[in-house]
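Participant:
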Amino acid sequence: MTNIIELAIQEKVYKNKRARLSILNNFNLEVNTGEMIAVVGKSGVGKSTLLNILGLLDRNYNGSYKLFGADANKLSLSQSAKWRNQKIGFVLQESALINSLSIEDNIKLPLLYKSPGDSQRSTDFENIVSTIGIEHILKKKPLECSGGEKSRVVFARAIIMNPQLILCDEPTASLDGENKERIISLLFKMNQEFNTTIITVTHDQEVADRHKRIILLERRM
Ligand SMILES: Nc1ncnc2c1ncn2[C@@H]1O[C@H](COP(=O)(O)OP(=O)(O)O)[C@@H](O)[C@H]1O
Ligand SMILES: [Mg+2]
């Protein structure tokens with residue numbers, strides 16, 4: 060298999076009683092396994108919607124989508140849930156941590172849903188934690204952490220299963236230069252070591268430029 064993603068959207072429509080909004084018109088995307096892609100574009104153009112579709116969170120659009128060689132719109136709900144847990148790492152802007160659990164348990168949460176027969180290996184917890192510099196907060200609860208710390212924890216949780224595809228929505232938005240660099244280098248490391256495919260939505264030109272391919276999303280009818 061060469062293409063991990065073959066997406067052809069005719070349109071995505073958001074509708075309410077008063078208005079109808081059509082976005083991602085005639086948007087096509089083919090991604091090879093192991094590519095690193097940045098998605099840029101103005102606010103409201105549909106970047107987060109695109110990530111939701113790519114990450115199997117939204118099937119409500121006109122178009123076709125092949126992921127890992129399978130028709131994504133024909134997957135059973137349990138199959139797509141399994142893929143979201145094991146094959147796709149999702150770093151969402153509003154990803155929530157569980158406040159009653161420690162940071163360590165939050166990061167390890169996806170491992171709980173792994174069934175005993177699943178052979179896929181997870182990435183090394185200690186390695187992730189030290190690379191992104193959160194050793195000192197492992198025993199803390201989310202409410203005791205800063206915004207930048209929490210966004211690094213969300214990132215760690217998204218990659219703990221060593222997913223084949225990582226989708227990031229503004230992963231560095233609330234981070235200073237040093238921590239931004241930690242996230243980017245970890246993405247690169249995963250890409251090099253495991254040939255992980257990475258798609259990053261970003262407003263940060265410096266972050267975008269570190270990816271090998273940049274896609275500009277624009278409004279068109
Ligand atoms: N659930 C929704 N219902 C109605 N409109 C929505 C919904 N989600 C997003 N939109 C609209 O769709 C457009 C694209 O949103 P989004 O994908 O979040 O853009 P971006 O991430 O590029 O800023 C925006 O105009 C937004 O207001
Ligand atoms: Mg967005």
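Take 60 as the starting number for the sequence shown in the working numbering and just add one per residue.
Cβ atoms here follow ideal geometry from the backbone N, Cα and C, with glycine treated the same way.
1. How about Arg-143 and Gly-114: do their beta carbons lie closer than 8 Å?
2. Can you give me the C-alpha to C-alpha distance between Cys-204 and Asn-62, rounded to a whole angstrom?
3. Ligand 2 and Lys-106: does any heavy atom of the ligand fall closer than 7 Å to the residue's C-beta?
4. Just to check, is the beta-carbon of Asp-263 closer than 7 Å to a non-hydrogen atom of ligand 2?
5. Within 10 Å of its beta-carbon, does Gln-145 have 16 or more other beta-carbons around it, so buried, or fewer, so exposed?
6. Check the C-beta distance from Thr-256 over to Leu-224 and give it rounded, since I have them as a contact under 8 Å.
7. Please report whether the beta-carbon of Asn-75 lies at a distance below 8 Å from any beta-carbon of chain C.
8. I need the straight-line Cα distance from Leu-245 to Ile-112, nearest angstrom please.
9. Give me, in chain order, the residues of the same chain whose beta-carbon lies closer than 7 Å to that of Arg-241; leave out the 5 immediate sequence neighbours on both sides.
10. Who does Gly-148 pair with in a DSSP beta bridge?
11. Below 8 Å on the Cβ atoms is my guess for Glu-70 versus Tyr-124; work out the distance and round it to an integer in Å.
12. In angstroms with no decimal places, state the Cα-to-Cα distance between Lys-199 and Ile-147.
13. Starting from Gly-122, follow its DSSP beta bridges and name the residues at the other end.
Facilitator: Looking at the atomic coordinates:
1. What you label residue 143 is simply residue 84 of the sequence shown in a count that begins at 1. What you label residue 114 is simply residue 55 of the sequence shown in a count that begins at 1. Their beta carbons are under 8 Å apart, which means Arg-143 touches Gly-114 by this criterion.
2. Within the sequence shown, numbered from 1, the residue matching residue 204 stands at position 145. Within the sequence shown, numbered from 1, the residue matching residue 62 stands at position 3. Cys-204 and Asn-62: Cα-Cα distance of roughly 39 Å.
3. As a position in the sequence shown, residue 106 is number 47, starting the count at 1. Because some heavy atom of ligand 2 lies under 7 Å away, the Cβ of Lys-106 counts as near it: yes.
4. As a position in the sequence shown, residue 263 is number 204, starting the count at 1. No.
5. In the sequence shown, the residue the question calls residue 145 occupies position 86. Looking at its Cβ environment, which holds 16 or more other Cβ atoms inside 10 Å, Gln-145 is buried.
6. Looking up residue 256 in the sequence shown gives position 197. Looking up residue 224 in the sequence shown gives position 165. About 5 Å; that satisfies the 8 Å criterion.
7. The question asks about chain C, but that chain is absent: this structure has only one protein chain.
8. Position 186 of the sequence shown, counted from the first residue, corresponds to residue 245. Position 53 of the sequence shown, counted from the first residue, corresponds to residue 112. Taking the straight line from one Cα to the other gives about 24 Å.
9. As a first step, residue 241 must be located in the sequence shown, where it is residue number 182. Here the set comprises Thr-190, Ile-191 and Gly-192.
10. Taking the first residue of the sequence shown as position 1, residue 148 is located at position 89. Bridge partners of Gly-148: Ile-225.
11. Along the sequence shown, one-based indexing puts residue 70 at 11. Along the sequence shown, one-based indexing puts residue 124 at 65. With 8 Å as the limit, Glu-70 and Tyr-124 do not qualify as a contact, their Cβ atoms being about 14 Å apart.
12. By one-based count along the sequence shown, residue 199 stands at place 140. By one-based count along the sequence shown, residue 147 stands at place 88. Spanning the two alpha carbons is a distance of roughly 27 Å.
13. Counting from one through the sequence shown, the residue named residue 122 turns up at place 63. DSSP, once it has assigned bridges, lists Ile-68 as partnering Gly-122.
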